[in-house]
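Going down the list, the sequences are from chains A and B.
Heads up: the first sequence begins at 0 in numbering that gives the first Met the number 0, then just goes up one per residue.
Heads up: the second sequence begins at 0 in numbering that gives the first Met the number 0, then just goes up one per residue.
No residue lacks a Cβ here, since even glycine has one placed at the ideal position from N, Cα and C.
Since we're looking at a predicted model, the values are computed, not measured.
Beneath this line is the structure, given in structure tokens, with notes to follow.
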Amino acid sequence: MRSMFSFRAEGGEFIPPSSKDFVLPPIFGDNEFTTKPIFLVIFSVIIISIFFIAASRKASIVPSKLQFAGESVYAYVRNDLGKDIIGHEFMRFVPYLFTLFVFILTNNIFGIVPLIQFPTMSRISFAYVLGIITFAVFHYVGIRHHGIFKYLKDILFMPGVPKPVYILLTPIEIATYLIVRPLTISLRLFANMFAGHLLLMIFILGGHHLLEGAIGLKLVSPFAFAFGIAITFFEFLVQCLQAYIFTLLTALYIGGALADEH
Amino acid sequence: MSHILIAAGGAPNPLLPHSAEIVVGFIAFGLLYFVMLKKVVPMFEKAFKARTEAIQGGIERAEKAQAEAADALVQYKEQLSKAQSESQALREDARVQGAAIVEELRAKAQEEAARITAAAHASIEAERQQAVTSLRNEVGALAVELASKIVGEALDDQARQSRIVDRFLEDLEKSK
């Protein structure tokens with residue numbers, strides 16, 4: 000919203016979109032719980048719940064179209080991300096993986112839904128929340144499965160490695176398990192959504208700016224818009240992919256924590 | 000916080016979290032997780048289970064039906080071969096019995112014929128004997144009467160009379 004006014008305010012000079020454009024002001028007064036990203040997250044929970052409750056409420060052997068649609072997504076997460084990666088104990092984690100996948104997917108796709116057009120996960124807070132939960136879940140699962148002593152020992156001293164290597168390996172392992180994993184999983188999601196949205200803004204707002212310029216610039220502006228549309232399709236791919244990757248990594252971390260050999 | 004929030008060029012640092020968003024993020028995700036855990040996943044799992052059972056049940060039923068059909072086939076074949084051998088035995092039996100009946104009837108007929116022949120012979124013999132006796136008496140009386148008429152001599156004496164008759168008959172037989 001702000002950018003739509005800011006690039007005009009300078010009297011014809013184009014101001015490229017920046018991280019300012021991701022800081023949306025509260026809709027109601029100063030209440031910082033009433034920003035657009037927060038409303039979008041709440042909205043996503045409502046529509047996801049309605050859709051999947053409707054799809055599964057009368058789940059039967061021969062599915063209706065709605066049930067089939069919901070069930071396909073569920074079966075994909077359950078079998079391809081849960082069963083194939085975690086192994087025989089997968090069923091405990093299916094609700095979490097499924098919630099993750101549909102939550103991230105919906106909030107990502109908000110980025111290209113007309114009128115909404117804001118990927119919630121480009122606000123890093125939400126990506127951190129999910130990263131923290133995944134971090135907590137896979138460590139909790141590992142400690143419950145192996146006992147705290149063995150779990151820590153397996154992390155600090157990876158079995159089957161010559162002793163001198165631990166000097167190098169142990170710090171790396173500690174960093175991997177405590178910092179790198181939760182941070183990268185959050186940042187990857189955030190950065191993809193952030194960059195994608197920035198890219199879209201550049202082409203759409205740039206096209207708009209060109210349209211208001213001289214005649215020569217007006218002729219170029221359709222190309223900017225066309226590219227913006229192409230990027231939109233590309234963004235859709237990235238949005239689905241990032242939901243998949245986040246869920247996949249979570250499943251891999253859980254599977255790793257449950258595995259008897261690291 | 001504000002000095003960190005504003006990075007170089009006045010743009011806010013996008014890597015710093017926002018407390019309201021963190022709170023809402025946890026609550027929203029938690030709620031969604033609860034809905035999935037309690038409402039959605041169990042229903043889908045129920046449908047999956049029912050589907051698996053339906054397919055397995057169908058396969059089992061088909062296998063059972065096939066096994067039953069195979070059993071029935073074996074049974075029918077057995078019955079058929081049994082019936083065939085039975086009918087073979089019956090035919091053989093009937094043939095043997097038929098031959099026996101014919102044989103018996105022939106024997107009976109022969110016996111009957113023999114009996115009838117024998118009876119006929121006996122009756123002929125009896126009649127002949129009767130005829131011989133009656134002829135002897137009558138021929139005797141006639142001859143005596145004739146002789147007495149011819150000879151003119153009364154042959155009152157019984158003994159002599161019969162002697163004469165016997166002699167006459169002997170002569171008669173000899174001359175035959």
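Check                                                                                                                                                   : Outcome
Check this for me: beta carbons of A53 (chain B) and I60 (chain A), under 8 Å apart or not?                                                             : yes
Can you tell me whether DSSP reads P11 (chain B) as helix, strand or coil?                                                                              : strand
If you reduce the DSSP assignment to three classes, tell me which class L23 (chain A) lands in.                                                         : coil
Ignore the nearest five residues each way along the sequence and tell me which others in V76 (chain A)'s own chain have a CB closer than 6 Å to its CB. : L96, F97, F100
With C-beta atoms as the reference, is S43 (chain A) less than 8 Å away from T133 (chain A)?                                                            : no
Compute the Euclidean distance between the alpha carbons of D79 (chain A) and G141 (chain A), then round it to the nearest angstrom.                    : 22 Å
What residues of chain A sit near R50 (chain B), judged by a beta carbon separation below 8 Å?                                                          : I60
Check whether the Cβ of I201 (chain A) sits closer than 7 Å to any heavy atom of the ligand NAD, and report yes or no.                                  : This structure lacks the ligand NAD, and indeed carries no ligand of any kind.
Secondary structure at R77 (chain A), three-state DSSP: helix, strand or coil?                                                                          : helix
Just to confirm, is the Cβ distance from T169 (chain A) to L155 (chain A) under 8 Å?                                                                    : yes
Compare the C-beta of I132 (chain A) against all C-beta atoms of chain B and say whether one is closer than 8 Å.                                        : yes
For the alpha helix (DSSP H) containing Y165 (chain A), name the first residue and the last one.                                                        : 165–174
In angstroms with no decimal places, state the Cα-to-Cα distance between L204 (chain A) and K19 (chain A).                                              : 15 Å
Let me know the secondary structure DSSP gives E211 (chain A) once reduced to three states.                                                             : coil
Are L31 (chain B) and F102 (chain A) close, meaning C-beta to C-beta below 8 Å?                                                                         : yes
Can you tell me whether A49 (chain B) is buried or exposed? The criterion is at least 16 other CB atoms within 10 Å of its CB, across all chains shown. : exposed
Is there contact here, the stretch 178–196 of chain A with the stretch 231–249 of chain A, by at least three beta-carbon pairs under 8 Å?               : yes
So G57 (chain B) contacts chain A; which residues on that side make the cut at Cβ distance below 7 Å?                                                   : Going along chain A, no residue has its Cβ under 7 Å from G57 (chain B), so there is no contact; the nearest lies around 11 Å.
In this structure, does DSSP put M157 (chain A) in helix, strand or coil?                                                                               : coil
What residue does the alpha helix (DSSP H) around K35 (chain A) start on, and which one ends it?                                                        : 35–56
List, in chain order, every chain B residue whose beta-carbon is nearer than 9 Å to that of I166 (chain A).                                             : Chain B residues near I166 (chain A): none, gap ~32 Å exceeds 9 Å.
Assign V164 (chain B) to buried or exposed, taking buried as 16 or more other Cβ atoms, counted over all protein chains shown, within 10 Å of its Cβ.   : buried
Among residues of its own chain, excluding the 5 on either side of A68 (chain A), which ones have a beta-carbon nearer than 8 Å to its beta-carbon?     : A54
Check A258 (chain A) in the structure and name its three-state DSSP category.                                                                           : coil
Let me confirm a value: A158 (chain B) is counted as buried when at least 16 other C-beta atoms fall within 10 Å, else exposed. Which label applies?    : exposed
Along the chain, where does the alpha helix (DSSP H) that runs through D170 (chain B) open and close?                                                   : 157–174
If you draw a straight line from the alpha carbon of I171 (chain A) to that of G57 (chain B), how long is it in whole angstroms?                        : 55 Å
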